[in-house]
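Asks: Take a look at this one; I'll ask things after.
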Amino acid sequence: EETVTMTVTYAEYQPHVGDQDALKLTAAAAIQETGQVLAKELRVRLHTPELTLTLLGPAVVGQEVPIQVVFQNPLPEALTGASLRMEGAGIACPKPVSL
1 EETVTMTVTY AEYQPHVGDQ DALKLTAAAA IQETGQVLAK ELRVRLHTPE
51 LTLTLLGPAV VGQEVPIQVV FQNPLPEALT GASLRMEGAG IACPKPVSL
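Numbering (the UniProt record's numbering), first residue to last: 1 to 99.
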């Protein structure tokens, strides 16, 4: 049995991910003595960062409630075109907030 370790960098897979948050990896090995080709596919789900919502004050009927939203960008580049929209029962931000 032999183990080979390979690394796939973000720069290599980033152009192919899109909005799927998943990678499909295929490994293939050719056996020279028999001419046989072995292949295996693996679908990898990429973990997306979480949003954290925190009330910054008491929730009182008839009053505004300040809410903090925290998001950690795990990418080695700045986000462009990202926005945040708050929704809930009977509430909605009238327009997205650009990040």
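Ideal Cβ positions, reconstructed from N, Cα and C, are used throughout, including at glycine.
Quantities reported herein were computed from a predicted structural model and do not represent experimental measurements.
Are the CB atoms of Ala28 and Leu42 nearer to each other than 8 Å?
Replies: On the sequence shown, position 28 is the one that residue 28 refers to. On the sequence shown, position 42 is the one that residue 42 refers to. Against a cut-off of 8 Å, the Cβ pair of Leu42 and Ala28 comes out as no contact.
Asks: For Glu12, which three-state DSSP category applies?
Replies: Working through the sequence shown from its first residue, we reach residue 12 at position 12. Looking at Glu12 - three-state DSSP - the assignment turns out to be helix.
Asks: For the candidate residues Leu75, Gly90 and Gly88, whose alpha-carbon lies nearest to that of Pro49?
Replies: Position 49 of the sequence shown, counted from the first residue, corresponds to residue 49. Per the Cα distances, Leu75.
Asks: By Cβ distance below 7 Å, which residues in the same chain neighbour Leu79 in space, the five residues on each side in sequence not counted?
Replies: Residue numbering aside, residue 79 sits at position 79 when the sequence shown is read from its first letter. Excluding sequence neighbours, Leu79 sits near Asn73 and Leu99.
Asks: Let me know the secondary structure DSSP gives residue 109 once reduced to three states.
Replies: Here the chain has residues from 1 to 99 only, and residue 109 is not among them.
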